[in-house]
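Visitor: Using my numbering, the first residue of the sequence shown is number 12, and each one after it goes up by one.
Positions of the beta carbon are idealized from the N, C-alpha and C atoms, including for glycine.
In this text, all values refer to a predicted model and were calculated from it rather than measured experimentally.
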Amino acid sequence: MLSDDNAVESIFLSDKGLLSGDVTDRLFIDMSTIMPKTTSSIANEIKKKSGAFIDAPVSGTVAPAAKGELLIFCGGNTQDITKAKPYLNILGRRVIHAGKTGSGSLLKLVVNLPLAIYWQALAESVLLGKSGGLSDEMMLDAIADSSAALAVLKMKIPIMMGEDMPVAFDMKSMVKDLSVILNTAKEMGVNIPTTQSSFEVYSEAIKQERFMHEDAVKIIDYMKGK
12 MLSDDNAVES IFLSDKGLLS GDVTDRLFID MSTIMPKTTS SIANEIKKKS
62 GAFIDAPVSG TVAPAAKGEL LIFCGGNTQD ITKAKPYLNI LGRRVIHAGK
112 TGSGSLLKLV VNLPLAIYWQ ALAESVLLGK SGGLSDEMML DAIADSSAAL
162 AVLKMKIPIM MGEDMPVAFD MKSMVKDLSV ILNTAKEMGV NIPTTQSSFE
212 VYSEAIKQER FMHEDAVKII DYMKGK
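#1: Could you check where the alpha helix (DSSP H) with residue 65 kicks off and where it finishes?
#2: Among all the DSSP beta bridges, which residues are the ones paired with residue 105?
#3: Throw me the rounded Cβ distance for the residue 75 and residue 42 pair, which I believe falls under 8 Å.
#4: Whole angstroms are fine: how far does the CA of residue 88 sit from the CA of residue 30?
#5: Evaluate residue 101 with the Cβ neighbour count: other Cβ atoms within 10 Å of its Cβ, from every protein chain shown; 16 or more gives buried, anything less gives exposed.
#6: Am I right that residue 226 and residue 178 are in contact with their C-beta atoms under 8 Å? What's the rounded C-beta distance?
#7: For residue 80 and residue 53, which I take to be in contact (beta-carbon distance under 8 Å), what is that distance rounded to the nearest angstrom?
#8: How many Å lie between residue 152 and residue 192 at the Cα?
#9: Out of 155, 158, 48 and 136, which one is the CA nearest neighbour of residue 235?
#10: Taking its Cβ as the centre, do 16 or more other Cβ atoms sit within 10 Å of residue 199, making it buried, or is it exposed?
#11: According to DSSP, residue 110 sits in a beta bridge with which residue or residues?
#12: So that I know if they touch, is there some Cβ in chain E lying closer than 8 Å to that of residue 119?
#13: When the Cα atoms are used, what is the spatial distance from residue 148 to residue 126?
#14: DSSP three-state call for residue 70: helix, strand or coil?
#15: Keeping to the same chain, check which residues put their C-beta closer than 6 Å to that of residue 123; ignore five residues upstream and five downstream.
#16: Could you give the first and the last residue of the continuous alpha helix (DSSP H) run that contains residue 41?
#17: Go ahead and pull the three-state DSSP assignment for residue 156.
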């Protein structure tokens, strides 16, 4: 997994990149979260050199990866994905074939989008309740036991309450992913104003260096003005 589109393009397409040599019959698997357009472009270059490529970004962080419990989104032809599955199954509990090359990348963006908005919306709900005298702990406990809860929320509450825990997905990465989502939506002619709003909030937060590498759920602290 590489950090962004430029990094992936460099590792494949630079003068000393992976495609600088003979790649005939080799299968490349990229698990980065990048634009579907970039994925398709790289796949085409590999195909020209008689190689094969699938995009296989994941849902999940370090802990699920260590347990082989990632959710893996694949784009590419069935033959190549079948060939890759023995390796992907080591990392993932499920492999979803989303469609042609680039479809795995697009599905990853589709999955990430509501999560970004959720943490911001959760922070806003806590701000509303706090203004009326409700405690953060009580509100988060109530939300976690309601239909408004994500499966991961109970695991994240200690971080939101200030406990020092390993960062699973930081705000800098959130801004990068939201940027990829917005650029992809623009190319497709899709209007996603709520996502634009979330991008602006997270972008403002990481202007403060201390938030840049905080877990994305700590957007609640930024919105509280801490």
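Guide: If we stick to the structure as given:
#1: No alpha helix (DSSP H) holds residue 65; the beta strand (DSSP E) holding it covers 63-66.
#2: 82
#3: Rounded, the Cβ-Cβ distance is 13 Å, inconsistent with contact.
#4: 20 Å
#5: exposed
#6: 5 Å
#7: Contact doesn't hold; Cβ gap of about 28 Å is too wide.
#8: 31 Å
#9: 136
#10: exposed
#11: 86
#12: Within the model displayed, chain E is absent; a lone protein chain is all it includes.
#13: 21 Å
#14: strand
#15: 188
#16: Taken as a continuous stretch (DSSP letters only), residue 41 belongs to no alpha helix (DSSP H), being part of the beta strand (DSSP E) at 38-41.
#17: coil
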